[in-house]
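Since the structure comes first, as structure tokens, the remarks are kept for the end.
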Amino acid sequence: MARRVGFGTLWLLMLAVGIEAKNGYAPGSGIVAECLGNIMRLMVDGNFLQGRSLEVDAVYGTDVVPITSNLASQCGYSRKSDPWGNVRLFASLQNCFSYPLNDDNFNTTVRLRLTGTTASEDAVQIVSKMCKRSLWAFREILCDRNYMEVSVGRKLLDIAVKLPLGQKAPPKGSGSVVPEQPVVSEYTMWKVLFYMPRGEKTLTVEEAFKQGYGLESSPNRLVLRGSQNSSEAYLTDVDGVPMYVLKTSTFFRQKWMVTLVDAAVACPAGGVSFTEDLITWMLPRIISPLLTSAAFTLLEVHMGIDGEQLDGITMASRGYVLTVTDLYITVQIPVGSQDGYYKSYAPGYQYHIAFTVEPMLELLWHEEDLHTDTRYKVLYPITTPLRPMPPHLIDNTIPQKRMFEVVLGIFLPDVQLVNITLGSLLLSVAEANAQGFAVQENTFPNGSKTFSLQVPFSDPVVLKDTTELQVKIFILPLVFGLLILPELAPFSHPAVLEASLQDIILPTATGTCDQENFYVTVTLGSMGPNMLTMIGKTILTTEIASGYGYEANGTHFSIAVPFRAVDAIYELVEPFSLRSRLDMTFSDPVNNTNYNEFSISCGFPVTMAECFPNGTMTVLAIKVESVPQLNPMYLTLRDPSCKPVFYNDRVAYFSFGVNTCGTRRKFSKNLMIYENVVTLPMMQSLSNASIKTSLKPLYRLQASCHYVINTTQMMAFNTRAQLNVPLAATGIGKLSVRMRLSLDGSYTAFYQDTDYPVVKYLQQPLYFEVELMQSTDPLVELFLENCWATMDDQTFPKWDLIVDSCENPGDSYPTLFHPVSADARVMLPSHFKRFEMAMFSFTANGTAVKEKVIVHCDIILCDASGPQDSLCNKQCMNKQRISRLGTSMLKRVHRSVTHKGPVKRRVSSGPVMLG
């Protein structure tokens, strides 16, 4: 073939040791060469290397040419390496330095040179591989990471064939395979015409070489190769996927004749999307820049990794999915698959990781009009977006050992600890170990690692202090200095270690969260159960502790506090979650000495806004710690007359139509967007009537709903004639209703008849549950119409708790409705209602009367299958369905169970006495 090459910066690979390799591999050496279709792959195992730099040369006869980065893209070479030092070199069979014995056999030879070594036999190794490929398509397209190549079949012409620029034929007896030299003809490559959207451009062959293009010709084929970043390549959109395109005509001439060969190549520059667990790569099925018409047939589709095809069984075992539709060929690869690797990065000096994998797609299609085949191969490296992975410092210090012991990790294998700053003392790892600070690297079987450090309390770098309780405090400020190899990207992790030795063992606490609760375990210390525990501003009494699932032994106690409990603090509202915090304080009840404090903050899933197909929007506004004066009852929508349908001292819940309450509408592409805002109006009174504001609102929450304007959906169904029309039989039955008092807010255990009267303290929460029994009809729903409290069995005096399905607006401690979810006991949540009230007492002449308090409720049974009935559609009945802070509202029409009138029942609780 006629060839041209160029020179540039040396191409360096981070490898480790050189080994002899002949005929494609060296047994046991870790160097393997393989033929994979129209490419040759050379693999070097990093286990045999020692982190030294490797230069790669192309061998052509007796001449050796260093492969620079520019020469690699011009001549058809690419390479990749992973954090373990493994290297893969890819070479096109038609690269500038291959020996084509004919159009079927290609020999590629490279020389590996280790730098920084003595001139020994193992410092320079030559690897040669002969690849046979007889089934060439009329057009062969190869897309690699740094170049794109097209090889086109052509009519037999007597073409002048040259050796690479400046090269000589290898001498006989050199051991190299020398191609047969064809007779030089009058036909020579003359110029190349490039087609671009902005016009045409003509370059001579010499000019094309100088601009980095590779042009090679034989009597049967023309090869064009260039970089995706070449000035004559352009980026275009093909069915939503950006692709680099290079279109040319190459002119050949002899004395009285000119002929040309068209060559076009298009390679993807995108089409990749990511989720946390999955990579999706889409390639257009119809690559229009390469087709003369739509009349083509896709004959083959293959998926592979690193240039090697995979069969269906292998793909399935690794979780790979290949799909072909009318528009796209799609490859799905799990993040973390065995064929890729994780790599460390440090943007902004912060530790991140990303996953890299190099899938391959190989297509074969036939164009009907030209009666030609095209084989299209893409090697497409994909790297996921960077994911922050802040290092985690594990403090294993046991103060009694008088030694700081910490572990920092976990890191990928390409991270190296280079130094540690202890106070103001900067030490390398070797220096730290020499001074008695045990620094170790701990490697796990999967290659990940941690770093451990030990520093004695007695060392001068450790700061000392003594508290009022005669507790000695040891403090160690330190900074771990780390590097990412081979890029030498630095990052650091600061930390301050603190330990104490004392006669009094202080209480400590640890905590975790799930989607509903804080779980806190407290180690009592030497004070035992005699210490005073505060949750927020509330003393943890026996009664309150029982509501939080208190469990204890001689050394520890644990509680489970719901994130929506009154003792929890709402910190931050996010689109789909609420950050809640629980503060605890442990002190001496005698002298009020504060022993310790504990705080845990977690995010809990909460739906802040919902959009419904019927045009209804719901918004949940939550009072957070930063606006303590806010009273949610005063919040409104953009239209100040639109107020919350439900509120308490912590939340406000809005439900409104998209065409009401000042909701604004706009259009964006195929979306219709409705927007509204929850705010506190100017000059509106806050929870303290004396506080007013004329500045910007203290609270502002924007909510929006997006509706697709035009969409097409398909639904399949079939019908079957009904032979018999079912008729419901009329019957008579009894429905029983009962009310029970729960031990706590979990509603899992209840007071028994023998427990009454139950003694409760003032303002202690009472959790009631009303249940419809002996019914399995899911269309029957129970509602609380009126609930009130009386002394003993007297009718008066009484205090209203629920009035016409709503909380008593005159109650300083309004009743709270709690959601009911299905579980092992609750089969039909619609047959249950739960509410919470604060314990109170009746007064006479300003003095609390310690009499029994009994709660009564009128209930209504409604049917969801019939027309609307005013009795079952009262103003606040939806509140009794609010779940998870009132974010989910059921929308149903109800009527009374019988057509003759509502079914009502009355239930009463057992007596409760003020303690």
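For the sequence shown, the positions run 592 to 1506 when the numbering used here is used. Where a beta carbon is used, it is the ideal one built from N, C-alpha and C, also for glycine. None of these values were measured; they are calculated from a predicted model.
CA-CA distance, residue i and residue j?
i	j	result
residue 1386	residue 1445	10 Å
residue 1310	residue 1346	58 Å
residue 862	residue 1454	53 Å
residue 761	residue 879	With a pLDDT of only 40 at residue 761, under 50, the local geometry of the prediction cannot be trusted, and no value is derived from it.
residue 1194	residue 731	54 Å
residue 833	residue 734	14 Å
residue 1052	residue 995	12 Å
residue 671	residue 896	13 Å
residue 927	residue 1041	20 Å
residue 1328	residue 1239	29 Å
residue 616	residue 901	A caution first: residue 616 carries a pLDDT of 45, below 50, which makes its placement in the model unreliable, though a value can still be read off. Each residue's Cα considered, the two are about 22 Å apart.
residue 1201	residue 1110	30 Å
residue 1250	residue 1154	35 Å
residue 1017	residue 1107	46 Å
residue 1332	residue 1404	18 Å
residue 1088	residue 1224	46 Å
residue 1055	residue 997	19 Å
residue 846	residue 838	27 Å
residue 1260	residue 971	32 Å
residue 769	residue 818	Confidence at residue 769 is low in this model, with a pLDDT of 39, below 50, so its placement is unreliable and the value that follows should be read with caution. Residue 769 and residue 818: Cα-Cα distance of roughly 29 Å.
Using only alpha-carbon positions, find the residue among the options that is nearest to residue i.
i	options	result
residue 1026	1044, 871 and 861	1044
residue 1079	1006, 1033 and 1357	1006
residue 1179	1342, 1118, 800 and 951	1118
residue 1221	975, 1161 and 1090	1161
residue 1213	985, 1404 and 1237	1237
residue 637	625, 679 and 738	679
residue 930	909, 923, 922 and 920	909
residue 950	1235, 870 and 1369	870
residue 1248	1233, 1374 and 1368	1233
residue 1173	1189, 1165 and 1164	1189
residue 743	800, 725, 809 and 787	809
residue 918	1139, 874, 898 and 687	874
residue 1009	829, 1036, 1076 and 889	1076
residue 860	1258, 836 and 877	836
Find out if the Cβ-Cβ distance for the pair residue i, residue j is shorter than 7 Å.
i	j	result
residue 813	residue 841	yes
residue 1070	residue 988	no
residue 720	residue 631	yes
residue 1186	residue 1097	yes
residue 1085	residue 1014	no
residue 1206	residue 1229	no
residue 1467	residue 1421	no
residue 650	residue 702	yes
residue 1362	residue 1423	yes
residue 1215	residue 1168	no
residue 1382	residue 1431	no
residue 844	residue 740	no
residue 1443	residue 1505	no
residue 1003	residue 984	no
residue 872	residue 948	no
residue 1360	residue 1338	yes
residue 1379	residue 1391	yes
residue 1330	residue 1500	yes
What are the boundary residues of the beta strand (DSSP E) that residue i is part of?
i	result
residue 904	Per DSSP, residue 904 belongs to no beta strand (DSSP E); it is in the alpha helix (DSSP H), 903–908.
residue 665	No beta strand (DSSP E) holds residue 665; the alpha helix (DSSP H) holding it covers 660–666.
residue 796	Element bounds for residue 796: not the beta strand (DSSP E) but the alpha helix (DSSP H), 796–801.
residue 722	715–723
residue 1011	1006–1013
residue 744	739–744
For the alpha helix (DSSP H) containing residue i, list its first residue and its last residue.
i	result
residue 1135	1133–1138
residue 629	Here residue 629 belongs to no alpha helix (DSSP H), and DSSP marks it neither H nor E.
residue 1022	1020–1025
Beta carbon of residue i: closer than 6 Å to some heavy atom of the ligand ZN?
i	result
residue 946	In the structure on display, the ligand ZN does not appear, and there are no ligands present to speak of.
Open item on the list: Does the segment 958–976 come into contact with the segment 834–853, if we say contact requires no fewer than three beta-carbon pairs (one atom in each stretch) closer than 8 Å?
Closed with: no
Task: At least 3 beta-carbon pairs within less than 8 Å: the segment 1115–1133 vs the segment 1153–1160 - done: yes
TODO: Evaluate the contact criterion for the segment 914–923 versus the segment 940–948: three or more CB pairs, one atom per stretch, below 8 Å.
DONE: no
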